[in-house]
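Colleague: The following block contains the structure, expressed as structure tokens.
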Amino acid sequence: MKIVKGITNILLILFIMLDLLALTFTRVIKQEIKPTTIRKVVTKIDYGDEIDKIIDENLNFSDITKEALNFMGLNEKTLNRVSTSEATKDFLGIYVANATSYLLGSDEEIKITKDDLKNLINKNIPIIEEDMPSWAKDFIDKNQTSIDKYIDQNGDEIISFLPQPKDVLKDVKKEDIVIYEDVTLEDVTTTITKITSPKTFSALVVCGFIALAILIIINFKAKKWAKYVFIISLTYTIIILFAKFIIMPIISSISKNIAEVKDVIPYLLSSINSVLWICLIVSIIVSITSILFYKINFNKKEAAL
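Following numbering that gives the first Met the number 0, the numbering of the sequence shown begins with 0 at its first residue and continues without gaps.
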């Protein structure tokens, strides 16, 4: 009987550990696909070819920008500098983030504000002015304040005319967009949606609580359940510490030598860090509480004997 109980305890402890790690993984993935995280990444990298092509074809930002700059007598070189400026990438990053969020089946999105419009215009003006004729420079300098006032008064209306990602991408066939070899965007979005869905999260929580309840019940009289909870939380804490202070620095160090991701990885690791910190704090509290509970009850039992 003791052997069966011992094996059951081991299996329950392993199951709860795996369940906790799965929960942590789903939270990390959920954090990584938030529009705010995607936007930060987008401003530091060239957009993905497929998504960039879809957005460019439907939003026609380049054509609009080109027409405006040509009207002011600017050349193709200036257009390229404006198109790749931090301000432009930051603004388009909102669209890429919202588009990615939509393609992943999420309702989360970043709202475009008047400040976003001002930032797009004001930060690109110095770039534009480098090649502008004198009359155009004078015009902009004289009307700089007026531009901001106009956005304050009419910004909401301007924003309302901008197309929404769900309208732009509603006819996109994700199964036709190949991400890598035979893996399509449909495969990726389906997998991520399942991993981060509320149903998956609820199932992991419920299964974890059931396993924990069984562990407590079969060890309730001996008060050993608190010791097992301590073992689980301590092991989980060690794994999180290992991931945070060993694995993540190694990834960060390696990424510095890879030009394509050296500016991206820090943002991704930063968002993962926020999740790991929460997990770490909770697991430490549970570890301390459980071992204290076990020690107090163990001492009472020893005193009774």
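By construction, the Cβ of each residue, glycine as well, lies at the ideal position given by its N, Cα and C atoms. Please read these numbers as outputs of a predicted model, since none were measured by experiment.
Does DSSP classify residue 183 as helix, strand or coil?
Modeller: Residue 183: strand per DSSP, three-state reduction.
Colleague: Does the segment 110-126 touch the segment 146-156, meaning 3 or more C-beta pairs lie closer than 8 angstroms?
Modeller: Verdict: yes, contact present.
Colleague: Quick check: residue 194 and residue 25, are their CB atoms within less than 9 angstroms of each other?
Modeller: Result yes, Cβ atoms of residue 194 and residue 25 sit closer than 9 angstroms.
Colleague: For residue 314, count the other beta carbons within 10 Å of its own beta carbon; 16 or more makes it buried, fewer makes it exposed. Which is it?
Modeller: Because the chain is modelled from 0 through 304, residue 314 falls outside the range shown and cannot be assessed.
Colleague: So, helix, strand or coil for residue 111, using DSSP?
Modeller: Residue state, collapsed to three classes: coil.
Colleague: For residue 218, count neighbouring C-beta atoms within 10 Å of its own C-beta (all shown protein chains included) and say buried if the count is 16 or more, exposed if not.
Modeller: Counting Cβ neighbours within 10 Å, residue 218 comes out buried, since at least 16 surround it.
Colleague: Which residue comes first and which comes last in the alpha helix (DSSP H) that contains residue 252?
Modeller: Looking at the DSSP string, the run of the alpha helix (DSSP H) that includes residue 252 is 247-254.
Colleague: Helix, strand or coil for residue 273, going by three-state DSSP, please let me know.
Modeller: Of the three classes helix, strand and coil, the one that applies to residue 273 here is helix, per DSSP.
Colleague: Using a Cβ-Cβ cut-off of 7 angstroms (strictly less than) and excluding sequence neighbours within five positions of residue 290, which residues of its own chain qualify?
Modeller: Closer than 7 angstroms at the Cβ level, and outside the excluded window around residue 290, lie 229.
Colleague: Roughly how many angstroms lie between the CA atoms of residue 287 and residue 80, to the nearest whole one?
Modeller: Each residue's alpha carbon lies about 56 angstroms from the other.
Colleague: Rounded to whole angstroms, what's the CA-CA distance from residue 301 to residue 243? Just pull it up for me.
Modeller: For residue 301, the predicted structure reports a pLDDT of 49, less than 50, and the residue's modelled location is therefore unreliable. The matter cannot be settled from this model.
Colleague: How about residue 210 and residue 14: do their beta carbons lie closer than 9 angstroms?
Modeller: Yes, Cβ-Cβ distance for residue 210 and residue 14 is below 9 angstroms.
Colleague: Looking at C-alpha atoms only, which residue of 9, 270 and 234 is the closest neighbour of residue 247?
Modeller: Ranking the options by Cα distance to residue 247, first place goes to 270.
Colleague: Thinking C-alpha only, which one of 100, 114, 77 and 88 is nearest residue 192?
Modeller: For residue 192, the nearest C-alpha among the options comes from 100.
Colleague: Have a look at residue 347 and residue 21 and give me their C-alpha separation to the nearest angstrom.
Modeller: Past the edges of the chain, shown from 0 to 304, lies residue 347, and the structure says nothing about it.
Colleague: Are the CB atoms of residue 224 and residue 240 within a distance shorter than 9 angstroms?
Modeller: Cβ atoms of residue 240 and residue 224: not closer than 9 angstroms.
Colleague: Is the separation between the beta-carbon of residue 11 and that of residue 235 shorter than 9 angstroms?
Modeller: Not closer than 9 angstroms, so no.
Colleague: For a minimum of 4 consecutive residues, which ranges assigned as the alpha helix (DSSP H) are wholly contained in the segment 7-37?
Modeller: Those alpha helix (DSSP H) runs which fall completely within the segment 7-37 and span 4+ residues do not exist here.
Colleague: Could you pull the start and end residues of the alpha helix (DSSP H) that residue 89 belongs to?
Modeller: 85-102 is the span of the alpha helix (DSSP H), which, as asked, contains residue 89.
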